[in-house]
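Note that the numbering used here numbers the sequence shown so that position 27 is 31, with each residue one more than the last.
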Amino acid sequence: MSEGKTELSGTTLRVYIYMLKASKPVGVREVQRAMGFKSPSTALYHITKLLDQGLVVKDEDGYRAIGSSSVSSLLMFKRIGRVLVPRFLFYAVFFTSATAMFTALSLIYEGLRGFPWIFALAMCLITSAIMWIETFRLWRRGVT
Numbered sequence: 005m006s007e008g009k010t011e012l013s014g015t016t017l018r019v020y021i022y023m024l025k026a027s028k029p030v031g032v033r034e035v036q037r038a039m040g041f042k043s044p045s046t047a048l049y050h051i052t053k054l055l056d057q058g059l060v061v062k063d064e065d066g067y068r069a070i071g072s073s074s075v076s077s078l079l080m081f082k083r084i085g086r087v088l089v090p091r092f093l094f095y096a097v098f099f100t101s102a103t104a105m106f107t108a109l110s111l112i113y114e115g116l117r118g119f120p121w122i123f124a125l126a127m128c129l130i131t132s133a134i135m136w137i138e139t140f141r142l143w144r145r146g147v148t
């Protein structure tokens with residue numbers, strides 16, 4: 005596999021994502037059916053492209069995707085099991101939790117009032133909102 009990032013696009017990227025999400029090695033005909041190709045040779049062509057780039061390996065059960073860290077189209081996504089989630093999701097959850105904890109602490113300890121508190125809360129809310137907006141944008145746009 006090359007040192008740089010691999011650029012995948014279009015149908016080859018869709019085939020790769022399908023193989024990443026598959027829980028087991030897949031065959032050419034399985035890829036053909038899942039992608040809606042008219043012939044197995046089209047599926048084999050895209051699988052061969054992935055093999056040549058070192059993103060897929062062939063074993064006795066079929067073809068298996070081996071990782072997504074070198075695919076530039078997937079840099080903003082993290083694979084959790086069979087699901088690809090935007091990396092911003094982790095930041096969004098963190099900042100939302102921090103905002104909730106900050107608000108709870110300020111309600112418990114009444115000394116945390118005034119301009120510094122309002123400014124800090126506003127920064128937490130704005131950061132949290134930006135992270136959630138970026139997460140939904142990436143999720144809606146998808147990987148392609």
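C-beta: ideal position from N, C-alpha, C; glycine also.
Distance CB(residue i)-CB(residue j) smaller than 9 Å
| i | j | result |
| --- | --- | --- |
| L54 | Y20 | yes |
| F99 | R91 | no |
| R86 | A26 | yes |
| L12 | Q57 | yes |
| L93 | T139 | yes |
| Y95 | M135 | yes |
C-alpha gap between residue i and residue j, whole angstroms
| i | j | result |
| --- | --- | --- |
| V35 | I130 | 43 Å |
| V61 | A124 | 50 Å |
| L24 | L59 | 10 Å |
| E114 | V97 | 26 Å |
| W143 | T15 | 19 Å |
| G118 | I137 | 29 Å |
| E64 | R33 | 15 Å |
| H50 | A133 | 39 Å |
| W121 | M105 | 13 Å |
| T107 | A126 | 11 Å |
| R145 | I112 | 41 Å |
Nonlocal neighbours in the same chain, by C-beta distance under 6 Å from residue i, ignoring five residues either side
| i | result |
| --- | --- |
| I70 | V61 |
| R68 | P29, V61 |
| Y22 | A38 |
| T52 | none |
| R141 | none |
| P44 | V32, R33, Q36 |
Residues of its chain near residue i, where Cβ-Cβ distance is below 7 Å and the 5 sequence neighbours each way are ignored
| i | result |
| --- | --- |
| A102 | C128 |
| S6 | No answer about S6 holds up, because its pLDDT of 44 lies below 50 and its placement is not dependable. |
| F41 | A47 |
In DSSP terms, what residue i is bridged to
| i | result |
| --- | --- |
| P90 | F81 |
| A69 | V60 |
| V30 | Y67 |
Sequence-distant residues of the same chain with beta carbon closer than 8 Å to residue i, five excluded per side
| i | result |
| --- | --- |
| G31 | G66, Y67 |
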